[in-house]
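Enquirer: Residue numbers for the sequence shown follow this note's numbering, so the first one is 1 and each next one is one higher.
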Amino acid sequence: MNTPGVGEAYDCIVVGSGTAGAVIARELTARGQKVLILERGQYLPLKETVWTLASMFNEVPVADKLKDARVYAAGGSSAMYLGVMDEPPIDAYRALGIDLQPAYDAIRQQLPLAEMPDALMSPQSLRMRDAAIAAGYDWKKKLMLIDQSKCSGAYCYDAKWKALTYVDEAVRQGAMLKCGVLAERVLIEDGRAVGVECRIKEGAFRSRTVRFHAGRVVVCAGSLATPLLLRASGLQHVAAGGYFIDPSFTLFGRVPGLRGIDSFCGVMEMTLEEGIVIKDANVHKLPFLMFMLQYMQVPRMFAYPEHLGITVMAHDQVGGGLSADGRYHKPLDAGVFDKLARGEKAAREILDRAGARDIFKAPMFSGGALGTLRVGSDVDARLETSVRDLHVCDGSLIPENGRVAPTLTLLCLATYLAGILTHTRNAHAEAEGVAA
Ligand SMILES: Cc1cc2nc3c(=O)[nH]c(=O)nc-3n(C[C@H](O)[C@H](O)[C@H](O)COP(=O)(O)OP(=O)(O)OC[C@H]3O[C@@H](n4cnc5c(N)ncnc54)[C@H](O)[C@@H]3O)c2cc1C
Numbered sequence: 001m002n003t004p005g006v007g008e009a010y011d012c013i014v015v016g017s018g019t020a021g022a023v024i025a026r027e028l029t030a031r032g033q034k035v036l037i038l039e040r041g042q043y044l045p046l047k048e049t050v051w052t053l054a055s056m057f058n059e060v061p062v063a064d065k066l067k068d069a070r071v072y073a074a075g076g077s078s079a080m081y082l083g084v085m086d087e088p089p090i091d092a093y094r095a096l097g098i099d100l101q102p103a104y105d106a107i108r109q110q111l112p113l114a115e116m117p118d119a120l121m122s123p124q125s126l127r128m129r130d131a132a133i134a135a136g137y138d139w140k141k142k143l144m145l146i147d148q149s150k151c152s153g154a155y156c157y158d159a160k161w162k163a164l165t166y167v168d169e170a171v172r173q174g175a176m177l178k179c180g181v182l183a184e185r186v187l188i189e190d191g192r193a194v195g196v197e198c199r200i201k202e203g204a205f206r207s208r209t210v211r212f213h214a215g216r217v218v219v220c221a222g223s224l225a226t227p228l229l230l231r232a233s234g235l236q237h238v239a240a241g242g243y244f245i246d247p248s249f250t251l252f253g254r255v256p257g258l259r260g261i262d263s264f265c266g267v268m269e270m271t272l273e274e275g276i277v278i279k280d281a282n283v284h285k286l287p288f289l290m291f292m293l294q295y296m297q298v299p300r301m302f303a304y305p306e307h308l309g310i311t312v313m314a315h316d317q318v319g320g321g322l323s324a325d326g327r328y329h330k331p332l333d334a335g336v337f338d339k340l341a342r343g344e345k346a347a348r349e350i351l352d353r354a355g356a357r358d359i360f361k362a363p364m365f366s367g368g369a370l371g372t373l374r375v376g377s378d379v380d381a382r383l384e385t386s387v388r389d390l391h392v393c394d395g396s397l398i399p400e401n402g403r404v405a406p407t408l409t410l411l412c413l414a415t416y417l418a419g420i421l422t423h424t425r426n427a428h429a430e431a432e433g434v435a436a
């Protein structure tokens, strides 16, 4: 059934309730705007069980045989991320006409961003740190978005900041959250975004089309979904510049007698050389068990406390694209394999120093398919597309020369955009007031 649902009109429709969408909805509702959040995933309880992880997990092929992981659920990928933060690439955005510094200053005041003290690091992470330093590497602590008051030394899912808390806050402030709703295209009239057409599933075999209307639309569907949605809305020219995926793999080794505990992953890392990063990958027990099962390493499943994990990540060249049938494709350059090989040598040296034996190299994965859109050609410095009142804010806008773990940058970028959207709405309201 096709219902051209007219319904209520909103000030803003936010498509996707991940990090960026959650911030925008929270900021706009705090300033009195009427916001509708459309989320294709379900509202799942914030618990890390095999069932919740399996029901929200989704993978997209992005290069050769590599897939990129993402989450379909209210709160987006932050529901299962690691909580590891990189400083936002302020200079790279400044060169694009975007000043993230005020947003970053505000976020540092609001959120528990800090390095993990030694007392909260697991024996596995400490062992790896000591080995890396002994090998002469500059193994450094990372900022983590973790409420340390909730930690006692072992991994704690509840302690990690998650976008769902901001979604909940937006709803308390008046936002309407609709889950299980797939945005299929942005409605455009006279060159302006006026709403979103969606598909809502009704049972196993039926679905219906519904339209929601608003003064503006912000697409925050994630780096891989947003270009598809823009193209389906008629913006055929977007996502023509390629993307990067930072291919990565993890080595696991066993240290006989090590008494590891459930560990926060990624608390330390080093840059071996430009474009090669080596990271602590001492994941907590649940994903460790899932990995080992997936890779048919069953005996290791019984030896979690003795395992160390270390990830090698290399920057690939920007390239590839999105084909007309909606598939991402990207050949990996030879240089990235050289970088991975150099990183592997250093990672094995660290494991060896740590006393790890019986090394297992897990298959390569995408370290994050980002930068699918460009500030300058796909959106302007207000993150607005060529269609008026149609904005984008998510991992698609991470610049190639500012590659980072995206969450902190997205918190800043979304705060920046919310400021612009508030300012323009106030300006419109004032202009209308004067006209009246
Ligand atoms: C396992 C894992 C670990 C990670 N660890 C870290 C980390 O430690 N540090 C870090 O900074 N980053 C990490 N990331 C990456 C980070 O979580 C994401 O890059 C970031 O959350 C992206 O935010 P986003 O707002 O762009 O998109 P998402 O968080 O992916 O949100 C997009 C939302 O849009 C919804 N959506 C998509 N299409 C539609 C549609 N058509 N209609 C309606 N809704 C739609 C999705 O369901 C989703 O909820 C990790 C990611 C994964 C998968």
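No residue lacks a Cβ here, since even glycine has one placed at the ideal position from N, Cα and C.
Using 7 Å as the cut-off, classify the Cβ of Leu-113 as near or not near the heavy atoms of ligand 1, replying yes or no.
Expert: Leu-113 Cβ: outside cutoff for every heavy atom of ligand 1.
Enquirer: Which residues does DSSP pair with Asp-280 in a beta bridge?
Expert: DSSP lists Ile-310 as partners of Asp-280.
Enquirer: Using CA atoms only, rank isn't needed, just tell me which of Ala-414, Ile-245, Leu-272 is closest to Asp-368.
Expert: Checking the displayed sequence, the identity of residue 368 turns out to be Gly instead of Asp. Considering only alpha carbons, the answer is Ile-245.
Enquirer: Is Ile-37 helix, strand or coil by DSSP?
Expert: Of the three classes helix, strand and coil, the one that applies to Ile-37 here is strand, per DSSP.
Enquirer: For Leu-82, verify whether its CB is less than 7 Å away from any heavy atom of ligand 1.
Expert: Yes - ligand 1 has a heavy atom lying nearer than 7 Å to the Cβ of Leu-82.
Enquirer: For the beta strand (DSSP E) holding Tyr-10, just list the boundary residues, first then last.
Expert: Looking at the DSSP string, the run of the beta strand (DSSP E) that includes Tyr-10 is 9-15.
Enquirer: By Cβ distance below 8 Å, which residues in the same chain neighbour Cys-412 in space, the five residues on each side in sequence not counted?
Expert: Only Pro-88, Leu-100, Ala-103, Tyr-104, Ile-107 meet the Cβ criterion.
Enquirer: Ligand 1 and Tyr-72: does any heavy atom of the ligand fall closer than 7 Å to the residue's C-beta?
Expert: Yes - ligand 1 has a heavy atom lying nearer than 7 Å to the Cβ of Tyr-72.
Enquirer: Please say whether Thr-407 and Met-85 have beta carbons closer to each other than 8 Å?
Expert: Cβ atoms of Met-85 and Thr-407: closer than 8 Å.
Enquirer: What does a CB cutoff of less than 8 Å around Gly-275 pick up in its chain, not counting 5 residues either side in sequence?
Expert: The answer, listed in chain order, is Ala-314, His-315, Lys-339.
Enquirer: My assumption, with CB atoms under 8 Å, is that Gln-42 sits in contact with Gly-180. Please give the rounded CB distance.
Expert: Rounded, the Cβ-Cβ distance is 6 Å, consistent with contact.
Enquirer: Is Met-121 near ligand 1, going by C-beta to nearest heavy atom under 7 Å?
Expert: For ligand 1, not one heavy atom lies less than 7 Å from the Cβ of Met-121.
Enquirer: Just checking Cys-220 against ligand 1 - is the residue's beta carbon closer than 7 Å to any of the ligand's heavy atoms?
Expert: Yes - ligand 1 has a heavy atom lying nearer than 7 Å to the Cβ of Cys-220.
Enquirer: Using the rule of at least 16 other Cβ atoms within 10 Å of the residue's Cβ for burial, across every protein chain shown, is Leu-164 buried or exposed?
Expert: Answer is buried; the Cβ neighbour count reaches 16.
Enquirer: Would Gly-343 and Ile-278 be called neighbours here (beta carbons separated by less than 8 Å)?
Expert: Taking 8 Å as the Cβ cut-off, Gly-343 and Ile-278 qualify as a contacting pair.
Enquirer: Contact defined as beta carbons within less than 8 Å: I believe Leu-310 pairs with Ala-334. What is the distance between those atoms, to the nearest angstrom?
Expert: Position check: residue 310 holds Ile in this sequence, whereas Leu was assumed. Rounded, the Cβ-Cβ distance is 24 Å, inconsistent with contact.
Enquirer: Do you know offhand how far Thr-409's Cα is from Gly-395's?
Expert: C-alpha separation (whole angstroms): 9 Å.
Enquirer: Reducing DSSP to helix, strand and coil, say where Ser-230 ends up.
Expert: The sequence given here has Leu at residue 230, not Ser. Three-state DSSP puts Leu-230 in a helix.
Enquirer: Candidates Glu-27, Thr-385, Asp-64, Ala-427: which alpha carbon is nearest Pro-227's?
Expert: Of the candidates Glu-27, Thr-385, Asp-64, Ala-427, the one whose C-alpha sits nearest the C-alpha of Pro-227 is Thr-385.
Enquirer: Count the other C-beta atoms from every protein chain shown that fall within 10 angstroms of the C-beta of Ser-263, then say buried if there are 16 or more, exposed otherwise.
Expert: Ser-263 comes out buried.
Enquirer: In its own chain, which residues sit with a C-beta less than 6 Å from the C-beta of Met-292, not counting the 5 before and 5 after it?
Expert: Cβ within range, chain order: Arg-300, Met-301.
Enquirer: Here's the rule: buried if 16 or more other CB atoms are within 10 angstroms of the residue's CB, otherwise exposed. What is Lys-345?
Expert: Exposed, by the Cβ-count rule.
Enquirer: Can you name the start and end residues of the beta strand (DSSP E) that Arg-357 belongs to?
Expert: Unbroken beta strand (DSSP E) run through Arg-357: 357-361.
Enquirer: Since I believe Gly-195 is in contact with Leu-182 (beta carbons under 8 Å), could you give me their beta-carbon distance rounded to a whole number of angstroms?
Expert: Between Gly-195 and Leu-182 the Cβ distance is about 15 Å, and since that is not below 8 Å, they are no contact.
Enquirer: In whole angstroms, give me the CA-to-CA distance for Arg-172 and Val-15.
Expert: Arg-172 and Val-15: Cα-Cα distance of roughly 18 Å.
Enquirer: Alpha helix (DSSP H) containing Lys-201: first to last residue?
Expert: First-last for Lys-201: 192-202, but that is the beta strand (DSSP E), not the alpha helix (DSSP H).
Enquirer: So, with DSSP's three-state summary, where would you put Arg-525?
Expert: As shown, the chain starts at 1 and ends at 436. That puts residue 525 outside it, with no answer to give.
Enquirer: What residues match up with Lys-178 in a beta bridge as DSSP calls it?
Expert: Answer by DSSP bridge pairing, in chain order: Leu-38.
Enquirer: Tell me, please, which residues DSSP counts as bridged to Thr-250.
Expert: Note: Thr-250 sits in a beta bridge opposite Thr-311.
Enquirer: With a threshold of 7 Å (Cβ to nearest heavy atom), would Arg-40 be considered close to ligand 1?
Expert: Yes; taking the cut-off as 7 Å, the Cβ of Arg-40 has a heavy atom of ligand 1 nearer than that.
Enquirer: Leaving out five residues on either side along the sequence, give the residues of the same chain with a beta carbon under 8 Å from the beta carbon of Met-80.
Expert: Excluding positions up to five away in sequence, the list reads Glu-48, Leu-53, Met-56, Phe-57, Val-71.
Enquirer: Taking all protein chains shown into account, do 16 or more other C-beta atoms lie within 10 angstroms of the C-beta of Val-50, making it buried, or fewer, making it exposed?
Expert: Classification of Val-50: exposed, given that the 10 Å Cβ count is below 16.
Enquirer: Report all residues from its chain with a CB closer than 8 Å to the CB of Val-298; omit the five preceding and five following residues, and keep chain order.
Expert: The answer, listed in chain order, is Met-292.
Enquirer: Looking at ligand 1, does it come within less than 7 Å of Leu-53, judged from the CB to the closest heavy atom?
Expert: For ligand 1, not one heavy atom lies less than 7 Å from the Cβ of Leu-53.
Enquirer: Any chance the CB of Ser-77 is under 7 Å from a heavy atom of ligand 1?
Expert: Within the cutoff, so yes.
Enquirer: Taking its Cβ as the centre, do 16 or more other Cβ atoms sit within 10 Å of Gly-136, making it buried, or is it exposed?
Expert: Exposed is the call here.
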